[in-house]
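Asker: Starting off with a structure, shown below.
Residue numbers (my numbering): 184 to 575.
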């Protein structure tokens, strides 16, 4: 009746959230959130060359304080200040990227069996970290402004929740930016229920204008995580945690247990890039290239119902028309030479996966390659047949 009965022709290939396209040159990678790579290697190369000629280089090959050298922690505080967060150097921990910082925070501040809250659609690695630490993830409803305060209030009333993980600025995967008033409400609820906020601000410097971090509104209840890896280059594995001293003292042993200390060589390079303004210049170039790629995506994909994007984001969120499912579409796109992530990999605990895919615009090696990939996605969307399904 109506649209008929759907008969599955073939099962989609199992979806692997990994790095397939980098090892398959013929595959256009729109699956991983790489920073756009337009010519950022020259200033990084200059920084590495200068570091290699520094007579004090040998000191960076020794054991150093777990939380980082004072100067490196000061650079972390300066980097957080770019996003509107005021923190002292003693409130900073240098870590091997934001992902490592998240692991440190969860290991130090939660215990096996604890409930950790997250946006309904969230960073997949957060779910993996929670599973490794035997934490229960509960996904909370979102709207166009991000996490809903009423949902957080309801989840906190039971008293079981210990941590709220969220990405308020260029949320992953939806690219939403939580307005300032919403941030005030979220922070107030967390403080009222003594819930620790784990704020992932990995994309926080991409918007030209942005609300202040959640940590500004709940400074005693927030662990703020940022990094240079996502915003400059993924191989620059340096991140920074900013938190009240009571949390810092608990997280340093977790840092020591996982890696003893962040790489002093990478921390020194990051500090120099921050101090001499190179990092700021690179961020501005990333913004411009991201904006150009978003404009290209809007031109090719057109006004799609429910699509979410930000002018300076590396990614966009693409809802799919019926009868597509995210995994089916991702499998069909891959068969046609394009890798994207289906909505299923982002659904937090207890959340039904939406029929959508995340499209990463920065992962393509050039605008020409991106254009080719987007055209394939558009053609797949506009196809008269589902591909994996046939209508009888």
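All C-beta atoms in this analysis are idealised placements derived from N, C-alpha and C, irrespective of residue type, glycine included.
(1) Between residue 437 and the rest of its own chain, which residues show a CB-CB distance below 7 Å, the 5 nearest in sequence each way excluded?
(2) Can you tell me which of 563, 495, 298 puts its alpha carbon nearest to the alpha carbon of residue 508?
(3) Would you mind working out which of 269, 532, 516 sits nearest residue 566, comparing C-alpha positions?
(4) Going straight from the alpha carbon of residue 354 to that of residue 237, what length do you get?
(5) Among the candidates 383, 384, 400, whose CA atom is the shortest distance from the CA of residue 372?
(6) Between residue 303 and residue 320, what straight-line distance do the alpha-carbon atoms span, to the nearest angstrom?
(7) At which residues does the alpha helix (DSSP H) containing residue 336 begin and terminate?
(8) Kindly confirm or deny that the region 262-275 and the region 422-436 touch, where touching means at least three C-beta pairs closer than 8 Å.
(9) Just the Cα atoms here: how many angstroms apart are residue 331 and residue 324?
(10) With 16 as the cutoff for other CB atoms within 10 Å, does residue 443 come out buried or exposed?
(11) For the structure I just gave you, are there three or more beta carbon pairs, one from the region 426-436 and one from the region 293-312, closer than 8 Å?
(12) What residues match up with residue 524 in a beta bridge as DSSP calls it?
(13) Closer than 6 Å by C-beta to residue 462: which residues in its own chain qualify, once you throw out the five before and the five after it? Chain order, please.
(14) Please work out which residues of its chain come closer than 6 Å, Cβ to Cβ, to residue 240, disregarding the five sequence neighbours upstream and downstream, and give them in chain order.
(15) Can you give the Cα-Cα distance for residue 551 and residue 478, rounded to whole angstroms?
(16) According to DSSP, is residue 380 part of a helix, a strand, or is it coil?
(17) Measuring only the C-alpha atoms, how far is residue 211 from residue 559?
(18) Expressed to the nearest angstrom, what Euclidean distance is found between the alpha-carbon atoms of residue 268 and residue 519?
(19) With a 10 Å radius around its C-beta and 16 neighbouring C-beta atoms as the bar for buried, classify residue 322 as buried or exposed.
(20) Considering only the beta carbon of each residue, do residue 344 and residue 338 sit closer than 8 Å?
(21) In angstroms with no decimal places, state the Cα-to-Cα distance between residue 488 and residue 523.
Answerer: Working from what's here:
(1) 287, 290, 291
(2) 563
(3) Among 269, 532, 516, the Cα nearest to that of residue 566 belongs to 516.
(4) 39 Å
(5) 400
(6) 10 Å
(7) 332-340
(8) A contact is defined here as three or more CB-CB pairs under 8 Å, and the region 262-275 meets this definition with respect to the region 422-436.
(9) The straight-line gap from Cα to Cα measures roughly 6 Å.
(10) exposed
(11) no
(12) 541
(13) 456
(14) none
(15) Whole-angstrom Cα-Cα distance: 13 Å.
(16) strand
(17) 10 Å
(18) Straight-line measurement puts the Cα of residue 519 at about 44 Å from the Cα of residue 268.
(19) buried
(20) Going by C-beta atoms, residue 344 is nearer than 8 Å to residue 338.
(21) 19 Å
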